[in-house]
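Here's the structure, in C-alpha cells; my notes come after.
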Amino acid sequence: MFIADDILSATQGKWVGGEKKVVFSGVCIDSRKIKPGELFIAIQGDRFDGHDFIPQAFEAGASGVVLSEDLKLSFKNKVVIQVADTLRALQEIARFHRSRLNIPLIAI
C-alpha cells in the first residue's frame, strides 16, 4: 500500500491534482490489468504510450496516475503526479517500497 504523498516524495514529481492522503492498493503499468484502487504509471514504450490509456485506467478503477506529459484532460477526484520520466519514477517507487521492508536484497 502506498500513500499518494509518499509517491510524490519518492518520485520528486509535481502535484497536479487529487488528495495527498489517498492510499493506493498497488501499482500497475498495464491499463488492461489495473484493479480498483491502484496507481497507474503511464510508461512510454516503443510500440505504445501509456498516456494514451489513462482514461481506460481510470474507467477500470485506478485512483491515480503518474504521467510525464502535460495533458489537458480533467481527472476529477483522481491523484495526478507529473514527472520528467515515468520509467525512472517507477524505479524510484520500487526503491521506496523496498526501503520499507526489512528483508535483504539479493542480486543474481
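Residue numbers for the sequence shown follow the working numbering, beginning at 23 and rising by one.
All C-beta atoms in this analysis are idealised placements derived from N, C-alpha and C, irrespective of residue type, glycine included.
In its chain, beyond the 5 residues on either side, no residue has a beta carbon closer than 8 Å to the beta carbon of D74. Distance from the CA of G48 to the CA of A84, rounded to the nearest whole angstrom, comes to 10 Å. Scanning its chain for C-beta atoms nearer than 8 Å, with the 5 sequence neighbours on each side dropped, one finds around L30 the residues W37, K42, I103, in chain order.
Around the beta carbon of F70, a 10 Å sphere encloses fewer than 16 other beta carbons of the protein chains shown; the residue is thus reported as exposed. Every beta strand (DSSP E) stretch that sits fully inside the stretch 32-77 and reaches 3 residues is listed by chain position as 36-39, 61-63.
Taking a C-beta distance under 8 Å as the contact criterion, A26 and I56 do not qualify as a contact pair.
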